[in-house]
Amino acid sequence: MQRWIANRPVCFYRLSDGSVNAIEDRCPHRRYPLSLGRLEDDVITCNYHGYQIDGSGTCVGVAEQPDVPKASVHRFPVVERYGIVWIWPGDPEQANPDDIPDVSWLTDENWTHVHGVVPLKARQVLLVENLLDLTHETFLHPSSIGNAAVASTPIDVTSEGNKVSFIRHMIGIEAPPFYRSSMGVTTDIDRWQDGDFYAPGIFILNIRIAPTGTEEPEGFHMKVIYGMTPATDTETHDFFALGRDYKIDDAELSAFQLKQQLAVMKEDVDALEIQEVMVATDPGMLESSIRSDVAGIRGRRLLERMAKAEAAAAAPARPRAAVAGA
Amino acid sequence: MQRWIANRPVCFYRLSDGSVNAIEDRCPHRRYPLSLGRLEDDVITCNYHGYQIDGSGTCVGVAEQPDVPKASVHRFPVVERYGIVWIWPGDPEQANPDDIPDVSWLTDENWTHVHGVVPLKARQVLLVENLLDLTHETFLHPSSIGNAAVASTPIDVTSEGNKVSFIRHMIGIEAPPFYRSSMGVTTDIDRWQDGDFYAPGIFILNIRIAPTGTEEPEGFHMKVIYGMTPATDTETHDFFALGRDYKIDDAELSAFQLKQQLAVMKEDVDALEIQEVMVATDPGMLESSIRSDVAGIRGRRLLERMAKAEAAAAAPARPRAAVAGA
Amino acid sequence: MQRWIANRPVCFYRLSDGSVNAIEDRCPHRRYPLSLGRLEDDVITCNYHGYQIDGSGTCVGVAEQPDVPKASVHRFPVVERYGIVWIWPGDPEQANPDDIPDVSWLTDENWTHVHGVVPLKARQVLLVENLLDLTHETFLHPSSIGNAAVASTPIDVTSEGNKVSFIRHMIGIEAPPFYRSSMGVTTDIDRWQDGDFYAPGIFILNIRIAPTGTEEPEGFHMKVIYGMTPATDTETHDFFALGRDYKIDDAELSAFQLKQQLAVMKEDVDALEIQEVMVATDPGMLESSIRSDVAGIRGRRLLERMAKAEAAAAAPARPRAAVAGA
């Protein structure tokens with residue numbers, strides 16, 4: 001399977017031991033995609049002239065001659081965890097599985113989730129800022145997850161290393177349409193929206209909905225992970241999984257949540273693709289910002305700093321990317 | 001309503017007093033189009049994060065915080081006259097409503113007109129030169145408004161300030177197909193084609209058709225205004241209105257004239273879009289010119305001079321543009 | 001007829017003496033394509049403003065004025081031979097009809113052929129290398145003309161001037177599917193694949209298939225000519241003719257061979273268009289090469305050397321191109 005990640009084609013496949021492997025999807029011979037080749041005994045034979053590439057990305061033979069060409073392609077560090085394939089397209093030395101955030105709710109038997117991926121024709125940072133400033137729900141998603149309370153409730157923002165977090169607790173508010181229908185809550189509610197951005201590409205939203213005054217750990221809990229994976233400079237894979245800890249055997253509810261989530265993401269994708277045009281056609285415009293932008297701006301700066309550091313280390317800026325597992 | 005003008009998105013709308021307003025169609029916050037927002041009491045609320053922009057382009061509030069962000073977008077000088085919205089995308093100081101040419105025939109009760117707009121994927125100057133050299137009618141429009149007389153009759157050209165004018169009086173010629181059918185003239189005719197180009201974007205053609213020897217003011221009179229509005233460097237809005245002073249209550253004739261005008265413009269648009277490719281793929285070619293090109297070349301030079309003057313004044317070249325009113 | 005060749009639009013037409021003429025397809029007046037004009041008495045009248053261009057590319061009149069504008073367009077050296085139009089888009093001084101390779105089998109009564117042209121969205125050099133390294137047949141065309149013997153049989157390569165030749169004689173091999181069905185050979189065969197590349201754009205493949213041990217001149221002979229004509233930097237016209245010296249009156253076999261040839265070329269075109277993306281997105285990648293690449297690499301270097309020489313002579317690099325005749 002080929003997927004473009006951070007301007008590079010990556011060939012993903014499983015080795016015979018079941019593990020996921022990822023190598024540059026350009027044959028070292030004439031750049032033909034290895035993902036179009038034939039996989040046998042963990043060796044891909046390129047379908048153009050037959051270079052044979054093993055799991056490490058090294059050429060191990062050709063049909064044209066007995067001696068083996070000295071050639072190889074980049075092998076990307078990958079880890080499969082929580083049903084997600086995590087890839088590090090930057091300097092392999094800096095790939096650290098410990099950086100992977102804990103999303104064990106994806107495999108927790110007390111939770112269930114729906115997931116998918118949506119293509120986005122916009123630069124990744126616009127999606128990062130979209131998620132780090134959820135006040136847009138009030139204006140862009142009024143028929144589903146937004147209402148006036150989101151925009152009017154300020155957030156507390158903290159940051160640490162490559163992480164930016166915000167907390168928004170809306171107390172005693174009306175439930176927005178989506179929650180009213182999926183949870184059956186008709187009274188006023190407390191709604192928590194706590195977000196964690198792990199630069200460069202992961203965002204996790206912790207949601208709690210409960211009738212006002214209910215004490216934790218009571219209430220409905222949901223979590224959403226977004227794997228905001230740059231495909232190219234102006235295209236992004238928008239991976240997501242939405243989990244819940246209630247009615248986990250209710251398949252109808254799952255189908256409803258997936259449909260709702262995709263509907264909300266479509267509103268975002270439509271808006272971001274329009275914004276991309278507006279940004280691309282006036283890249284130098286100075287933007288006005290307000291207090292609710294604090295998390296988004298910190299996220300954007302983190303990305304800029306990481307890209308700069310990578311450029312300084314003479315390697316192109318290539319953020320970590322999450323690829324939804326099969 | 002959004003329209004791109006001279007490489008900028010412009011948001012057009014009516015204020016509660018009925019006047020037309022035009023502001024840059026990028027929210028000062030995150031560049032989302034204001035034209036996608038909600039208009040209430042002359043204030044547009046951006047549909048992404050809720051910036052509130054008044055008619056002057058100034059932010060007057062946000063839902064996220066009580067204090068008002070200091071932010072604004074460009075407001076374009078606009079005038080509504082003769083049923084046309086006139087906008088000046090250049091330096092507002094230089095916008096002068098007195099520069100608007102007299103097209104009072106558009107609202108004169110002794111005249112009637114048809115109008116519309118045609119999109120053109122070609123740079124505006126090609127359209128300017130197309131209209132300033134009508135000898136092309138002989139070759140491109142032989143089945144409607146062109147015949148041999150147009151190419152073979154020379155023009156008198158005069159210029160003054162930002163205006164280039166030409167006069168072509170064809171005396172005792174055969175009527176081309178379009179006029180034969182719409183006016184019922186079967187004898188030889190006199191045909192006048194007098195054009196005025198007001199740089200950077202307006203062209204007015206004064207047409208008189210009459211049986212040969214008829215004295216003014218007898219005869220059929222028609223006037224056409226073209227609002228040649230650059231959308232981007234290689235796209236143009238081709239606004240037009242075609243008026244006449246005869247059979248002004250004849251709706252069938254109006255429908256016929258609109259259909260004919262659009263058919264002729266389609267021939268021009270097809271040719272200009274092909275020419276655009278030819279020009280773009282060999283921008284440096286030295287063109288050969290003849291006497292009938294005098295008006296077109298003066299028009300082109302006027303545009304170059306105005307663009308240069310604007311660039312010198314450190315403002316991007318943005319010609320005046322006409323937008324057909326509702 | 002307009003065809004783009006080496007980044008220039010060329011207008012092809014026949015003069016009244018039956019000869020083929022080729023001139024730059026941009027009117028010297030306003031660059032409108034002459035191919036859209038009217039041809040009468042060997043003079044093209046441009047359909048925009050009526051410039052009249054004769055067979056030498058010189059303007060010989062206009063309808064707008066009695067005096068003839070001094071203007072002309074480039075006339076390309078062309079020769080029609082073997083039913084093919086040969087054009088030289090480079091320096092006319094260097095056009096030498098003696099450089100045209102002998103493909104008299106195209107008009108030999110003991111031979112028959114099928115022909116056509118396939119559009120390719122890839123740079124021409126990728127097609128050159130495709131044909132100069134036929135080991136790809138093993139991997140890309142296993143269901144028609146490829147089998148293991150192609151990749152495993154080494155070639156002898158020679159070069160001389162602007163020509164690169166290779167010889168591959170496969171002795172006592174299984175016949176690949178295409179030959180089994182079209183020739184009825186079921187025994188082991190000898191298969192010869194001898195190729196000649198005439199830089200910059202012609203490739204001729206000489207094929208001999210015969211039951212093993214058959215002596216020349218017995219056996220089935222086929223020849224294929226490819227006119228690899230660059231349209232633009234990333235687009236190529238892939239002209240071809242496939243001839244044979246057996247069953248030359250068998251129309252059904254001709255239809256089968258044309259269908260097979262187009263099927264094989266589609267596999268190549270699909271692969272080359274994918275390769276074009278891979279090359280364009282990583283133009284600096286250092287490729288690994290093996291012995292079977294010798295002919296392809298020599299071909300590529302020939303092209304680079306010719307382009308360099310042309311650039312040094314202050315003329316843009318424009319390879320010779322073949323256009324299949326009517």
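Residue numbers (UniProt numbering), protein chains in the order written: chain G, 1 to 326; chain W, 1 to 326; chain F, 1 to 326.
For glycine and all other residues, C-beta sits at the position ideal for the given N, C-alpha and C.
Just verifying my parser: in three-state terms, what is the DSSP assignment at residue i?
i	result
Tyr13 of chain G	strand
Ile132 of chain G	What sits at residue 132 of chain G in the sequence shown is Leu, not Ile. Leu132 of chain G falls in the helix class under three-state DSSP.
Glu93 of chain W	helix
Thr229 of chain F	strand
Ala315 of chain G	For Ala315 of chain G, the predicted structure reports a pLDDT of 48, less than 50, and the residue's modelled location is therefore unreliable. A value from the coordinates is still provided. Correct three-state label for Ala315 of chain G: coil.
Val323 of chain F	Here the model assigns Val323 of chain F a pLDDT of 49, short of 50, so the residue's position is not dependable and the matter cannot be decided.
Gly284 of chain F	coil
Trp111 of chain G	coil
Asp188 of chain W	coil
Lys223 of chain W	strand
Ile297 of chain G	helix
Glu137 of chain F	helix
Asp98 of chain F	helix
Met306 of chain F	helix
Ser144 of chain G	coil
Arg123 of chain W	coil
Which same chain residues end up closer than 7 Å to residue i when comparing Cβ atoms and leaving out the 5 residues on each side of it in sequence?
i	result
Leu127 of chain F	Leu120, Met228, Thr236, Asp238 and Leu272
Ile155 of chain G	Phe166, Ile167, Arg168, Ser292 and Ala295
Phe256 of chain F	Ser182
Ala315 of chain G	Model confidence at Ala315 of chain G stands at a pLDDT of 48, short of 50, so the residue's coordinates are unreliable and nothing is read from them.
Glu218 of chain W	Ala210
residue 328 of chain G	Chain G is shown only over 1 to 326; residue 328 of chain G falls outside these bounds and no answer can be derived.
Tyr246 of chain G	Phe220
Asn162 of chain G	Tyr198, Ala199 and Leu302
Tell me residue i's beta-bridge partners as DSSP assigns them.
i	result
Gly116 of chain F	F:Phe240
Tyr198 of chain F	F:Lys163 and F:Ile202
Gln193 of chain G	G:Arg168 and G:Ile207
residue 360 of chain W	Summary: the structure shown does not reach residue 360 of chain W, with chain W confined to residues 1 through 326, and so no result is reported for it.
residue 328 of chain W	No statement about residue 328 of chain W is possible, as the shown extent of chain W runs from 1 to 326 and does not include it.
If you drop the 5 nearest sequence neighbours on each side, which residues of the same chain put their C-beta closer than 6 Å to that of residue i?
i	result
Ala231 of chain G	Trp4 and His237
Ser16 of chain G	Asp42
Arg318 of chain F	Annotation note: pLDDT 46 at Arg318 of chain F (below 50); position unreliable, no value reported.
Thr158 of chain G	Ser165
Gly172 of chain W	Asp188 and Thr212
Gly61 of chain G	Gln52 and Val68
Met265 of chain F	Val118
Trp105 of chain F	Trp111, Lys223 and Gly243
Arg320 of chain G	Residue placement at Arg320 of chain G is poorly supported in this model, since its pLDDT is 49, which falls under 50; the coordinates are not used for a value here.
Pro9 of chain G	Gln2 and Asp25
Beta carbon of residue i: closer than 7 Å to some heavy atom of the ligand SAH?
i	result
Gly18 of chain F	As far as ligands go, the structure on display features none, and thus does not contain the ligand SAH.
Span of the alpha helix (DSSP H) holding residue i?
i	result
Met183 of chain F	Pro177 to Met183
residue 336 of chain G	Residue coverage of chain G in this structure runs from 1 to 326, which leaves residue 336 of chain G outside it and unanswerable.
Between which residues of its own chain and residue i is the CB-CB distance below 8 Å, once the five residues before and five after are set aside?
i	result
Ala326 of chain W	In this prediction, Ala326 of chain W scores a pLDDT of 34, lower than 50, which makes its location untrustworthy; the coordinate-derived value is nonetheless stated afterwards. Result list for Ala326 of chain W: empty, nothing under 8 Å.
Gly57 of chain W	Ile23, Glu24, Ser72, Val73, His74 and Arg75
Glu131 of chain W	Checking the displayed sequence, the identity of residue 131 of chain W turns out to be Leu instead of Glu. Gly195, Phe197, Phe203, Leu205, Tyr226 and Met228.
Which ranges would you report for the alpha helix (DSSP H) in the stretch 235–281 of chain F if only whole runs of at least 4 residues count? The stretch 235–281 of chain F is shown to contain whole alpha helix (DSSP H) runs of 4 or more residues at 251–280, in chain order.
Whole runs of the beta strand (DSSP E) within the UniProt domain "Rieske" (1–87) of chain W, excluding any shorter than 3 residues: Complete beta strand (DSSP E) runs here, min 3: 2–5, 8–14, 20–24, 38–40, 43–45, 59–61, 78–81 and 84–87.
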